[in-house]
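J.:
Residue numbers (the working numbering), protein chains in the order written: chain P, 408 to 778; chain U, 142 to 538.
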């Protein structure tokens, strides 16, 4: 009698909860999602192509702008890949290694805080947003004190670091490490056992371990499904082998487990920072550069190096022709892009309200998806 | 001179209405400021603090800005519906204020209707039409979804909203808000014997007003701004005003029905103790002002509760929200009615007529405690599988 029609809705690219310029073409039946098709490319800047025209050190600021909420880890991945290419990995001073780990763990915390803030506000909890930004502000202040920038840090160099730690920086870090555990407790107080929060996240967007591996999902979404895969453990880089930390794993692979995993990761990052504060005392101040040639002209060859960025496996594939100072080809394997693939499968059959929770739980940054 | 009947039936009611109208406007304007300050206080930030002392003039600056703003009508909107949408919820919201006794009669009761409560319920439930109409007429898919959500929400929560009041009606035996308030002076505040009713009313009134955690029709992160996505300027302000006026109405109802209205005291052993209606009436106009102030303070506490909810809870999902209304609220309110009825009848014939109410209070405490325990039940302790040395499960099955 009545003509039932599916409605097509453009969810984005300008929408409060698509975290940038993601566009999801939705087919909905009432409130139920029949099909969700992510359409990307609104933030494409041709970063990979740009790398081919630039000397290696010049590329570092551009890596900042891919995952712009976690630029330190982007720097780290690129810098390490080039070091591997020129064979300098073994001569990196110890102090540099500790400093890199400190900055990337701080970055992990700040990235996860931003994720929690937006994820919570997407699900309608407004207050955690401000609590997260309160602590994120402290992290950004630490970055600012170190390298002058708060977001696009450009804080690593091939073969070393741009500067030694400024006076008083470690004390400030210790202060942050001191308060952060209680801060995470505070966020958890608001959300973890909250009945509404649990109903909105438990069982929403379930990703089985097999599916997660098939999709190539990495990072917290993979660990949320219970797969024990953290590059800091399985392919350790910098001084991670010396550090004690646990890899949190989920069991059900739903949005709630991914939430728990990220919350625990923040606590573990704090633990790593605590140990780094001790480790840095055993290093020589001022030893922040390896002796490498100023002009970087790697031998002919190719390298793939990946690190555990806050969002998953961030890999750089660099091909050098052995003649020029810039890469012949540089490909980035961004975790956001690969993880986003799972969205249509996760969203099918859920409600429109769940879609925002799912976009939040995948934790994408469109700068990285589109590059 | 104006003849006496004209004074009595036209001039005085008009004056009273205008005064009430202005007070409501002022309270709504103040609420926008209070909401932002209180929310800011909860969220470790400052809130408006630039315009005037402590940012107080923000409450004036915002309406001025909205009035001066260009009024945009989307090209393909249904013009009449788009225009009517914001008006419709505003009318009942203001008319209802004439029916609410703000202070002891006769001065502070604009119109004394003996079925006032019924009239209020009938009027407030028409507010949803404007939202549906506006959502549909905007010719925007997000607006339409917001409007439809609102329709479903209001219709389902109208039922527990109405049912939760029935217990009070059974106790007081009247639809007249003045009598309900005076009944509470001679007995106890209805919140005690009607704890369950009060709880359901609190949830249902939040849902009726589309306020967090039930703000699904305007869920910012899902539907952009829901039914008022396409509205700007004064039309948006009308929706806003209607929402706040409706919040105010519901808080007034809450106070009148469950928290003793304007009185702060009671009749103990036949003596008037504290600020009861009779005592306030002795003081004349001053007593009226005192009563209205007490009323306003109580109402403001509930308005702050709205803000508190908003600062605390995540948003419900649509289907879960309907579950809550239809599967929990309605049966619970029906049980409340049955239990109330049984206990009133049981208490009426005995030597202790208040016994029924005492038992009802205990019943309410038990039910609410059970609900709270149910809600606060935490997860099982986190498991740690052996074998994987560094990995740790953070969630239970």
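The beta carbon of each residue, even a glycine, is placed where N, CA and C say it ideally should be.
Taking C-beta to C-beta, are residue 459 of chain P and residue 733 of chain P nearer than 8 Å?
T.: Yes, the Cβ-Cβ distance between residue 459 of chain P and residue 733 of chain P is below 8 Å.
J.: In three-state DSSP terms, what is residue 527 of chain U?
T.: In this prediction, residue 527 of chain U has a pLDDT of 33, which is less than 50 and means its spatial position is unreliable; what the coordinates show is noted afterwards. Coil, per DSSP.
J.: Under the rule that 16 or more other beta-carbon atoms within 10 Å means buried, what is residue 463 of chain P, buried or exposed?
T.: Label assigned to residue 463 of chain P: buried.
J.: Between residue 578 of chain P and residue 692 of chain P, what straight-line distance do the alpha-carbon atoms span, to the nearest angstrom?
T.: The straight-line gap from Cα to Cα measures roughly 15 Å.
J.: Where residue 651 of chain P and residue 686 of chain P are concerned, what is the direct C-alpha to C-alpha distance, given to the nearest angstrom?
T.: Those two C-alpha atoms are separated by around 12 Å.
J.: Please report the Cβ distance between residue 725 of chain P and residue 709 of chain P, rounded to the nearest whole angstrom; I am assuming they are in contact, meaning their Cβ atoms lie under 8 Å.
T.: Right, their Cβ atoms sit about 7 Å apart.
J.: Less than 8 Å separating the beta-carbons of residue 667 of chain P and residue 660 of chain P?
T.: Contact flag unset, no.
J.: Tell whether a beta-carbon distance below 8 Å holds between residue 663 of chain P and residue 488 of chain P.
T.: Their beta carbons are not under 8 Å apart, which means residue 663 of chain P does not touch residue 488 of chain P by this criterion.
J.: Could you tell me the boundaries of the alpha helix (DSSP H) in which residue 616 of chain P lies?
T.: Residue 616 of chain P -> alpha helix (DSSP H) spans 616 to 622.
J.: Give the interface partners of residue 458 of chain U over in chain P, defined as CB-CB distance under 8 Å, in chain order.
T.: Those are 606, 607, 758, 760, 761, listed as they occur along chain P.
J.: Closer than 7 Å: is that where the CB of residue 395 of chain U sits relative to any heavy atom of the ligand PLP?
T.: Looking at this structure, you won't find the ligand PLP or any other ligand, since it has none at all.
J.: Three or more C-beta pairs under 8 Å: does that hold for the region 478 to 495 of chain P against the region 505 to 517 of chain P?
T.: Taking 8 Å as the limit for Cβ pairs, the verdict is that the region 505 to 517 of chain P does touch the region 478 to 495 of chain P.
J.: Could you tell me the alpha carbon to alpha carbon distance between residue 265 of chain U and residue 312 of chain U, rounded to whole angstroms?
T.: Their Cα atoms are separated by approximately 23 Å.
J.: Check whether the region 151 to 168 of chain U touches the region 740 to 759 of chain P, taking contact to mean three or more Cβ pairs, one atom from each stretch, closer than 8 Å.
T.: No, because fewer than three Cβ pairs between the region 151 to 168 of chain U and the region 740 to 759 of chain P fall closer than 8 Å, the two stretches do not touch.
J.: With a threshold of 16 other CB atoms inside 10 Å of the CB of residue 334 of chain U, please say whether the residue is buried or exposed.
T.: By the neighbour-count rule (16 or more Cβ atoms within 10 Å), residue 334 of chain U is buried.
J.: For residue 431 of chain P, count the other beta carbons within 10 Å of its own beta carbon; 16 or more makes it buried, fewer makes it exposed. Which is it?
T.: By the neighbour-count rule (16 or more Cβ atoms within 10 Å), residue 431 of chain P is buried.
J.: Just how far apart, CA to CA, sit residue 595 of chain P and residue 627 of chain P?
T.: Approximately 17 Å, taken between the alpha carbons.
J.: Around the Cβ of residue 675 of chain P, are there at least 16 other Cβ atoms within 10 angstroms (buried) or fewer (exposed)?
T.: Residue 675 of chain P comes out buried.
J.: Sorted by chain position, which residues of the same chain lie with C-beta nearer than 7 Å to residue 640 of chain P's C-beta, five sequence neighbours on each side aside?
T.: Answer for residue 640 of chain P: 654, listed in chain order.
J.: Using a Cβ-Cβ cut-off of 8 Å, state whether residue 423 of chain P counts as contacting chain C.
T.: Among the protein chains of the structure shown, namely P and U, there is no chain C.
J.: On the DSSP letters alone, give me the boundaries of the beta strand (DSSP E) that residue 737 of chain P sits inside.
T.: Segment 736 to 740, the beta strand (DSSP E) holding residue 737 of chain P.
J.: CA-CA distance, residue 561 of chain P and residue 476 of chain P?
T.: Roughly 12 Å separates the two Cα atoms.
J.: In chain P, which residues lie with their C-beta within 8 Å of the C-beta of residue 282 of chain U?
T.: Residues of chain P passing the Cβ test: 414, 416.
J.: Pair every Cβ in the region 610 to 629 of chain P with every Cβ in the region 564 to 574 of chain P, then say whether three or more of these pairs are closer than 8 Å.
T.: No: the two stretches stay apart, fewer than three of their Cβ pairs being nearer than 8 Å.
J.: Between the C-alpha atoms of residue 522 of chain U and residue 274 of chain U, what's the straight-line distance to the nearest angstrom?
T.: In this predicted model, residue 522 of chain U has a pLDDT of only 38, less than 50, meaning its place in the structure is not dependable; the value taken from the coordinates is given anyway. Between residue 522 of chain U and residue 274 of chain U, the C-alpha separation is close to 50 Å.
J.: Taking C-beta to C-beta, are residue 781 of chain P and residue 665 of chain P nearer than 8 Å?
T.: Coverage of chain P is limited to positions 408 through 778, which leaves residue 781 of chain P absent and any answer about it impossible.
J.: Can you tell me where the beta strand (DSSP E) holding residue 417 of chain P begins and where it ends?
T.: First-last of the beta strand (DSSP E) with residue 417 of chain P: 414 to 418.
J.: Please list the partners that residue 701 of chain P has in chain U, where partner means a Cβ-to-Cβ separation under 7 Å.
T.: By Cβ distance, chain U contributes nothing, its closest Cβ being about 40 Å from residue 701 of chain P, past 7 Å.
J.: Between which residues of its own chain and residue 296 of chain U is the CB-CB distance below 8 Å, once the five residues before and five after are set aside?
T.: Excluding sequence neighbours, residue 296 of chain U sits near 269.
J.: May I ask you to report which of helix, strand or coil DSSP gives residue 520 of chain U?
T.: Unreliable positioning characterises residue 520 of chain U in this predicted model, as indicated by a pLDDT of 48, which lies under 50. A coordinate reading is not provided.
J.: Compare the C-beta of residue 419 of chain P with all C-beta atoms of chain U and state if any pair is closer than 8 Å.
T.: So, not an interface residue.
J.: Restricting to Cα atoms, I'd like to know which of P/680, P/610, P/500 is closest to residue 587 of chain P.
T.: Checked all of P/680, P/610, P/500; the closest Cα to residue 587 of chain P is P/680.
J.: Looking at residue 321 of chain U: is its Cβ nearer than 8 Å to the Cβ of residue 315 of chain U?
T.: Cβ atoms of residue 321 of chain U and residue 315 of chain U: closer than 8 Å.
J.: Compute the beta-carbon to beta-carbon distance between residue 758 of chain P and residue 415 of chain P, rounded to the nearest angstrom, for a pair I have assumed lies under 8 Å.
T.: Rounded, the Cβ-Cβ distance is 16 Å, inconsistent with contact.
J.: Compare the Cα-Cα distances from residue 567 of chain P to each of P/423, P/467, P/670 and report the closest residue.
T.: For the residues P/423, P/467, P/670, the minimum Cα distance to residue 567 of chain P belongs to P/467.
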